[in-house]
Amino acid sequence: MIRNAVLESSGGMSARRVYRWASLAMLLLLGFGAPTTVLGQAEDLNVLSRWIEWSDAPQRLQRHLNSLAFQHLDRRSETLQQLESADQWRERQQQIRETLDRIVGPFPERTPLNAQVKGVLQKDGYRVERIVFESLPDFYVTGCLFVPDQRQQPAPAILNVIGHTGIAFRGAGYQQFLLNMVDKGFLVFAMDPIGQGERLQYFDPDLGRSVIGGATAEHSYLGIQAFLTGSSAARYFTWDGIRAIDYLVSREEVDPDRIGVTGLSGGGTQTSYIAAMDDRVAAASPACYITGLAWLFASIGPQDAEQNFLRGVASGIDHGDLLIARAPKPTLVVATTRDFFSIQGTREVVREASRAFAALGAESHLSLAEDDYRHGFTPKNNSATYAFFQEHLQLPGDPEHVEKEILSEQELTITPTGQLSTSLGGETVFSLNRQEAIQRVARLEEARQSDLAGHLQQAIAAAKEIAGYLPPASDPQPIFRGRYQRPGYSVEKYVIGGEGDLILPLLLMVPDQGEQHPGLIFLHPDGKAAEAAPGGQMEKWVQQGYAVLAPDLSGTGELGQVSDAVAFLGVQIGRSVVAIRAADILRCAALLDQRPDVDTSQLAVVAHGATCIAALHAAAFDDSLRRLLLVRPLVSFQEVVMNRFYKVTGGDVVASALTAYDLPDLAASLAPRPLTVIDLQDQQLQSAADDLVQTQWHIVRQAYQQADADDRLVIQRADAVEDMQDFLPGTGRLGR
């Protein structure tokens with residue numbers, strides 16, 4: 142009952158009445174409002190401590206998003222359970238292909254590969270050709286083509302896509318595998334993935350390394366920009382693989398009807414994508430990747446950006462669909478039982494997909510090879526993979542794995558400097574995505590100039606959908622957690638329920654003098670306690686007569702942080718952290734509205750840093766937030782995608798936002814409500830240049846002018862931060 146009080150509405154009672162009854166009960170329990178502190182006792186502004194049911198608070202956001210993902214995945218499973226006939230499975234395949242084309246594609250028109258052989262190395266029994274081609278104009282892909290001396294003419298070829306090893310296919314395990322394939326008569330093309338090998342996207346020649354970090358860090362960094370634009374890292378990875386097949390079939394040594402694709406770990410990801418989206422793949426073997434997404438989310442969570450589709454789960458796509466799309470073409474799933482990719486999920490996915498293969502008359506064309514090992518290659522699994530390709534690409538031979546003498550990293554280096562960025566230059570994922578973003582922004586600007594009022598109305602409706610906003614379903618029921626008395630005001634601690642099982646710990650500061658106080662919601666990226674100490678910003682607002690409520694929004698304070706994994710989980714299901722936070726801000730507004738000692742008719746919001754993004758969304762979605770003061774807000778999402786480097790996190794942006802709106806659109810929609818902005822920030826979270834502010838926020842000024850509310854919009858520079866109390870809209874200098 143106590144737990145449910147956080148999560149349920151007040152039933153038949155009015156919210157204000159519930160609050161009054163709760164307040165009376167607390168006064169009786171606490172001696173009619175006597176201070177709860179013992180003289181000299183230190184304050185503890187944590188709200189969730191010593192409460193078992195809340196001990197998992199830092200994990201609750203991820204678990205909540207998991208629960209939403211599981212609902213999508215359960216509906217998908219129920220749909221598949223109804224499929225029996227070959228025609229039904231073919232219809233499902235068509236749905237999968239159309240969905241993948243929508244959420245990963247559409248892919249661009251093919252352009253000339255301009256492939257070059259940069260060097261040839263003859264080894265005992267095979268040669269290595271160092272290859273560069275362009276998957277897109279000036280977007281270079283490096284790889285090595287291994288050609289056996291003794292081979293069929295034409296011969297089957299394997300595209301070997303690589304996992305997250307920094308040096309890519311030059312790693313010992315990858316070489317052992319591919320050299321065995323070459324020894325058995327296959328041509329093997331091993332290519333560098335984006336952000337690995339010679340394709341580092343953020344390489345610094347002075348440091349000799351990426352300034353962003355390892356492979357997964359690069360993938361997610363560029364992936365966040367792609368998501369914002371309405372694209373994805375998966376799109377670029379998959380297209381590289383499709384164009385690599387274009388290169389293979391252009392070679393006279395290669396039989397275009399006998400193309401195979403395989404890769405381990407991140408290479409398993411790429412294999413699954415390419416094989417599901419390119420019909421030329423005759424046989425495919427993803428290794429150490431395939432597992433049910435429910436199992437993935439419940440265990441290690443979503444991985445780096447290219448392993449996540451934009452609204453993929455919301456669109457009904459699971460790993461099994463990547464296999465089903467291939468039926469009845471031969472497919473071998475390779476797994477290890479101690480992998481961090483759940484073997485339980487792997488087995489379930491293969492069982493599920495086998496129904497499609499069976500219905501299409503090729504049950505034996507889907508198989509699973511396992512070994513008892515951690516994440517990685519094993520001789521047993523390698524041999525199973527060799528045998529699979531030997532059978533299905535019609536190249537009989539001995540499948541035994543034999544240890545080979547590997548090549549040095551230098552022997553497999555393709556470019557003169559060892560990096561494309563310093564050898565050939567060319568495009569990067571950032572620059573390509575930027576070109577797409579420029580087109581998106583141009584369309585936005587055209588809509589703004591054509592009919593600003595109409596555009597803003599459409600933008601807000603689109604923002605709700607794109608961000609995944611759900612308005613609060615019920616009035617909050619606060620759980621009181623104690624009070625501290627300070628000179629002139631009290632500090633009260635509460636917990637209220639958020640969406641689902643989410644919770645919001647809160648601090649409420651109420652002046653001692655006066656029967657009713659104007660309400661103010663104080664938001665800070667470091668949480669409710671960031672400015673709650675005596676002498677902090679919250680106290681200054683209280684001293685001006687405000688009742689100040691400060692929450693820990695999801696991913697702040699006692700609720701932990703928002704990792705990329707959590708942000709990407711939201712991307713998969715179409716629910717941004719920003720939208721969840723926006724709804725939580727409105728829950729705070731509803732809580733204040735319940736209190737007879739708080740006047741919410743001119744409810745103010747003071748937001749700092751990243752919380753300004755959620756505050757803007759909340760205010761645009763609900764006009765109960767009457768006045769806004771934003772301190773160091775991001776100037777726009779546009780700046781994040783237009784610049785190579787940025788410091789905004791994945792949890793603070795909305796995937797696909799730039800397809801329909803940007804932060805200035807939200808700000809403009811607030812007119813004529815008072816809005817003050819202090820120290821707008823660029824993508825590096827530094828004070829934005831004046832010309833940038835003028836360019837990015839011109840529509841905000843225009844909207845306020847059209848609403849005859851010029852005096853209600855104030856944009857101040859950084860030096861106004863110290864005097865922010867003077868700039869709350871509707872008070873102080875703004876009223877002059």
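Numbering (our numbering), first residue to last: 142 to 877.
Ideal Cβ placement from N, Cα and C applies to all residues, glycine included.
Small disclaimer: the values here were computed from a predicted structure and weren't measured.
Please work out which residues of its chain come closer than 7 angstroms, Cβ to Cβ, to A724, disregarding the five sequence neighbours upstream and downstream, and give them in chain order. Y610, L611, P612, P613, E640
Please state whether the Cβ-Cβ distance between D396 and P295 is less than 7 angstroms. yes
Determine which residues share a DSSP beta bridge with M140 and list them. Absent from the structure is residue 140, since the part of the chain shown begins at 142 and ends at 877.
List the DSSP bridge partners of I299. In DSSP, I299 forms a bridge with V329, G401.
Across the segment 401-421 and the segment 378-389, are there enough close Cβ pairs to call them in contact, namely three or more that are closer than 8 angstroms? yes
Exposed unless 16 or more other CB atoms sit within 10 angstroms - verdict on Q235: exposed
Between the segment 726-741 and the segment 671-680, do at least 3 Cβ pairs fall closer than 8 angstroms? no
Does the beta carbon of D705 come closer than 7 angstroms to any beta carbon on chain C? This model lacks chain C altogether; it includes just one protein chain.
Chain-order list of residues whose beta-carbon lies under 8 angstroms from that of A760 (same chain, five-residue window excluded): V746, L766, L769, L807, L811, R814
Host alpha helix (DSSP H) of H596 (start-end): 593-608
Using three-state DSSP, classify I484 as helix, strand or coil. helix
Within the continuous alpha helix (DSSP H) that includes M783, where are the two ends? DSSP places M783 inside the alpha helix (DSSP H), whose first and last residues are 779-783.
Is the Cβ-Cβ distance between V719 and A755 less than 7 angstroms? yes
How many whole angstroms separate the CB atoms of M322 and I299, which I take to be in contact at a CB cut-off of 8 angstroms? 6 angstroms
Would you mind sorting N255 into buried or exposed? The rule is 16 or more other CB atoms within 10 Å of its CB. exposed
Within 10 Å of its beta-carbon, does D860 have 16 or more other beta-carbons around it, so buried, or fewer, so exposed? exposed
Identify whether V862 lies in helix, strand or coil by the three-state DSSP scheme. helix
Label S98 either buried or exposed according to how many other C-beta atoms from any shown protein chain fall within 10 Å of its C-beta, with 16 as the threshold for buried. Outside the displayed span of the chain (142 to 877) sits residue 98, for which this structure offers no information.
Where D823 falls, given that 16 or more other Cβ within 10 Å makes a residue buried: Buried, since its Cβ has 16 or more Cβ neighbours within 10 Å.
Do you know whose CA, among G408, V794, P346, lies nearest A375's CA? G408
Same chain only: Cβ atoms within 6 angstroms of D667, ignoring 5 sequence neighbours per side: Cβ contact annotation for D667 (same chain, cutoff 6 angstroms, sequence separation greater than five): none.
Tell me V570's beta-bridge partners as DSSP assigns them. None; V570 has no bridge partner.
Beta strand (DSSP E) runs contained entirely in the segment 697-764, provided each spans 3 or more residues: 739-749
Cβ contact (3+ pairs, closer than 8 angstroms) linking the segment 361-368 and the segment 309-321: The segment 361-368 vs the segment 309-321: no contact.
In angstroms with no decimal places, state the Cα-to-Cα distance between F530 and F287. 16 angstroms
Identify whether Y377 lies in helix, strand or coil by the three-state DSSP scheme. helix
For a test of the three-state rule: what should DSSP assign to Q857, helix, strand or coil? If DSSP states are grouped into helix, strand and coil, Q857 belongs with the strands.
If you run the structure through DSSP and keep just helix, strand and coil, what is G668? coil
Determine the closest residue to P692 out of L643, A706, P652, with distance taken between C-alpha atoms. L643
Given T370, which residues of its chain have a CB within under 7 angstroms of its CB, disregarding the five upstream and five downstream residues? N574, E577, A578, R581, V782, L799
Who pairs with K264 in a beta bridge, going by DSSP? Y267
As a quick exercise: from L348, G696, E606, L733, pick the residue whose alpha carbon is nearest that of R722. Ranking L348, G696, E606, L733 by Cα distance to R722 puts G696 first.
For F344, is the classification buried or exposed, using 16 other Cβ atoms within 10 angstroms of its Cβ as the cut-off for buried? buried
Can you list the alpha helix (DSSP H) stretches of 4 or more residues lying completely in the segment 425-455, in chain order? 434-439
Among K605, Q657, A358, E699, which has the Cα closest to the Cα of L744? Nearest option by C-alpha distance: Q657.
Taking only three categories from DSSP, how would you classify D867? helix
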